[in-house]
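Each residue of the sequence shown is one higher than the last, beginning at 1 in the UniProt record's numbering. Beta carbons are placed, not taken as given, at the ideal position from N, Cα and C, and that holds for glycine. Data first, discussion second: the structure below is written as structure tokens.
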Amino acid sequence: MNTKSELCVYDFCPLQVSISKSTLAASLRQATIAETQPSHSASASQFFTSDALYSTCDRCDGCNGHKNDMQTAYFRKVDCDSVLNSIETITLSNGVKLPILGIGTSHSGGYSHTALVFALKHCKYRLIDTAKRYGCEVLLPQAIKESNVEREEIFLTTKLWPKDYGYESTKEALKGSLCRLNTDYIDLFLMHWPEVPAQCSSEKKKLLEDTWRALEVMYDEGLCRAIGVSNYDVSDLCEMFESSSIKPHVNQIEFHPYQNPKSLRNFCDENGIAVQGYCPLGKGKILTEKPIVEIADQVQKSPAQVLIRWAIQNNVSTIPKSTKIHRVFENSNVFDFCLSENQMNVLNNLHDGRRYVDPSSIQKRIDSQLPDGYKLQQSITH
Ligand SMILES: NC(=O)c1ccc[n+]([C@@H]2O[C@H](COP(=O)([O-])OP(=O)(O)OC[C@H]3O[C@@H](n4cnc5c(N)ncnc54)[C@H](OP(=O)(O)O)[C@@H]3O)[C@@H](O)[C@H]2O)c1
């Protein structure tokens, strides 16, 4: 790893959007080059190695007067602490503090060890969202260890897949997650979907009730600091309340300006259930939508930062995922600006019901023989 606080990069062109890996490798002899793209910016004024963020410093005089626009540029290691503000928290109904921003690790799009270490070590992320289904629980302990962040400082969420629903099997499944995550407690344990395997459909209500009862018991035993559900609608929650002793602390749902279920959010509010939003970037597919880009231009931030900030200003904990460290940094750099009331109103009124996770495809996935993490195969990067 490069330990110098300042370095120079030869034959660097600030007009190019990216710095080539070979150019950097020549300058950063000992560094591992993980990412060389600048963050959201027209000029390459920043780049990342696997261990740090570098930014052009005042010794760099721009490309004025340089032949062919090439120059020797000076970069200084950025103290991320001085750039990033701390990640705020929201308080759950039981007093547990949930970070308002976390990092996702779903299996679609792959898993990057470097990105997760970087997120914890340099970008102040303290919430990691995972699930048994993603197949990557087992990879997280090493990333946490390498980040040097204490386990107690991390808020770890994992989820129970419907194939494991049932009183005893839920308890067994939690044991499995604890073992793979190498921890003796989970901060937040969620029922992944309000669905059950087709072969159990006739006893769906009882199976969901037994499962929630197991979560309540494990919460009482201190194995989970908070318990909740995911993808539950108002009717699913109402049915659950008929038999539950504890209301879910969290309901994790798809949440971005085009999927903003206001009546569900109000219902959760009234019942002391914190809403957590997944797919805040619509899996990267809403970043070029005109209203988002226009607001990003107005506030001089990237579309991703606007979407994340919008969730935060709605008091919704959000868990964007990226396997690229420059994006992991970008997505965390959202506490130094505010969207105006007018900008919030524009975004709050974009809902058109579109989803990037289709609930109608879930039953098939629950009943399929595909193993957990099947999408991860061949897409785990160090
Ligand atoms: N409870 C549930 O049922 C459920 C369902 C889905 C997801 N989740 C959780 O929510 C997390 C987030 O959802 P998601 O991963 O589906 O979608 P997402 O966070 O909305 O989008 C992720 C996609 O956006 C790209 N991206 C990230 N940051 C970017 C940036 N700054 N600029 C441009 N592109 C960017 C990523 O690509 P790169 O990797 O190439 O950067 C990736 O393709 C998941 O990882 C998972 O933990 C939960």
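Less than 7 Å separating the Cβ of residue i from some heavy atom of ligand 1?
i, result
"residue 279", "yes"
"residue 129", "yes"
"residue 294", "no"
"residue 320", "yes"
"residue 283", "yes"
"residue 357", "yes"
"residue 228", "no"
"residue 158", "no"
"residue 163", "no"
"residue 132", "no"
"residue 176", "no"
"residue 304", "yes"
"residue 114", "no"
"residue 249", "no"
"residue 139", "no"
"residue 332", "no"
"residue 180", "no"
Taking 7 Å as the limit between beta carbons, can you name the residues of its chain near residue i, skipping five residues before and five after?
i, result
"residue 357", "254 and 279"
"residue 80", "53, 122 and 123"
"residue 270", "none"
"residue 184", "178"
"residue 336", "85"
"residue 94", "226 and 249"
"residue 110", "323, 376, 379, 380 and 381"
"residue 164", "170 and 173"
Please work out which residues of its chain come closer than 6 Å, Cβ to Cβ, to residue i, disregarding the five sequence neighbours upstream and downstream, and give them in chain order.
i, result
"residue 236", "194"
"residue 120", "147 and 149"
"residue 112", "323 and 381"
"residue 88", "100"
"residue 276", "250, 252 and 317"
"residue 299", "337"
"residue 176", "none"
"residue 157", "129 and 188"
Have a look at residue i and residue j and give me their C-alpha separation to the nearest angstrom.
i, j, result
"residue 91", "residue 97", "5 Å"
"residue 393", "residue 272", "Given that the chain is displayed from residue 1 to residue 382, the structure contains no residue 393 and the question cannot be resolved."
"residue 248", "residue 370", "29 Å"
"residue 375", "residue 239", "33 Å"
"residue 362", "residue 161", "11 Å"
"residue 155", "residue 314", "21 Å"
"residue 296", "residue 288", "10 Å"
"residue 34", "residue 201", "Here the model assigns residue 34 a pLDDT of 38, short of 50, so the residue's position is not dependable, and the following value carries that caveat. For residue 34 and residue 201, the distance between alpha carbons rounds to 47 Å."
"residue 139", "residue 258", "32 Å"
"residue 243", "residue 327", "43 Å"
"residue 199", "residue 213", "21 Å"
"residue 217", "residue 189", "12 Å"
"residue 274", "residue 260", "15 Å"
"residue 311", "residue 368", "33 Å"
"residue 302", "residue 283", "15 Å"
"residue 151", "residue 145", "9 Å"
"residue 115", "residue 105", "10 Å"
Using C-beta distances below 8 Å, list every residue in its chain close to residue i, excluding the 5 sequence neighbours before and after it, in chain order.
i, result
"residue 373", "107, 133, 134, 135 and 136"
"residue 346", "291 and 295"
Reducing DSSP to helix, strand and coil, say where residue i ends up.
i, result
"residue 131", "coil"
"residue 225", "strand"
"residue 154", "coil"
"residue 167", "helix"
"residue 352", "coil"
"residue 288", "coil"
"residue 107", "coil"
"residue 381", "strand"
"residue 334", "coil"
"residue 114", "helix"
"residue 67", "Unreliable placement is indicated for residue 67, whose pLDDT of 40 sits below 50; the coordinate value is still reported in the next sentence. Correct three-state label for residue 67: helix."
"residue 267", "helix"
"residue 186", "strand"
"residue 99", "strand"
"residue 278", "strand"
"residue 256", "strand"
Exercise. Quick check: the segment 101-121 against the segment 322-342, are there 3 or more CB pairs under 8 Å?
Worked result: yes
For this session: Decide if the segment 168-178 is in contact with the segment 193-208; the criterion is three or more beta carbon pairs, one per stretch, under 8 Å apart.
Result: no
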